[in-house]
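J.: Structure provided below as structure tokens; questions to follow.
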Amino acid sequence: MKQKTDTILSAADVSVGATSEVVDLRYSYGFAAVTTFTGAPTGNVVIEGSIDQTTWVQINSQAISGTTPVFLNQDAIYYPYVRVFKAGGGTGTMTTKISFKGP
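For the sequence shown, position 86 (counting from the first letter as 1) is numbered 366 according to the working numbering, and the numbering increases by one without interruption.
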């Protein structure tokens, strides 16, 4: 297995909300994600998991504090698909990168 790092959300407008692309983790045991911000965002960054890319459940959530990056590290995640979600609030943009080991 090799380490992969991908940008899954790039400069998304936080005022209207943002949902990243879906990440296929079927051959991984966990991941680390970092979300960075510009402007004055508010709310939470939420990691969601799914077994079918239709029904999503919250895995983890962390409050946004100004432009301080949000780091989320998850091990033993067995959802085959994950994404990052943020409801609308504040101003500025957000970018999320995810790193995981995969084939």
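The beta carbon of each residue, even a glycine, is placed where N, CA and C say it ideally should be.
For clarity, every value in this text was computed on a predicted model and none was experimentally measured.
Is V294 near M374, with beta carbons less than 9 Å apart?
T.: In the sequence shown, counting from the first residue as 1, residue 294 sits at position 14. In the sequence shown, counting from the first residue as 1, residue 374 sits at position 94. Result yes, Cβ atoms of V294 and M374 sit closer than 9 Å.
J.: Could you tell me the alpha carbon to alpha carbon distance between P321 and T371, rounded to whole angstroms?
T.: Your numbering for residue 321 matches position 41 in the sequence shown. Your numbering for residue 371 matches position 91 in the sequence shown. Going from the Cα of P321 to the Cα of T371 covers about 5 Å.
J.: Which residues bound the beta strand (DSSP E) around Q333?
T.: Stepping through the sequence shown from its first residue, residue 333 is reached at position 53. Segment: none, Q333 is in no beta strand (DSSP E) and carries neither H nor E.
J.: Could you check what DSSP says for S295 in three-state terms: helix, strand or coil?
T.: Within the sequence shown, the letter at position 15 stands for residue 295. In this structure, S295 counts as helix in the three-state DSSP scheme.
J.: Quick one: does the C-beta of D304 sit closer than 8 Å to a heavy atom of the ligand GDP?
T.: The ligand GDP is not part of this structure, which contains no ligands at all.
J.: For the putative contact between G368 and G297, defined by C-beta atoms under 8 Å, what is the C-beta separation to the nearest angstrom?
T.: Mapped onto the sequence shown, residue 368 falls at position 88. Mapped onto the sequence shown, residue 297 falls at position 17. Indeed, because the Cβ distance is near 4 Å, the residues count as touching under 8 Å.
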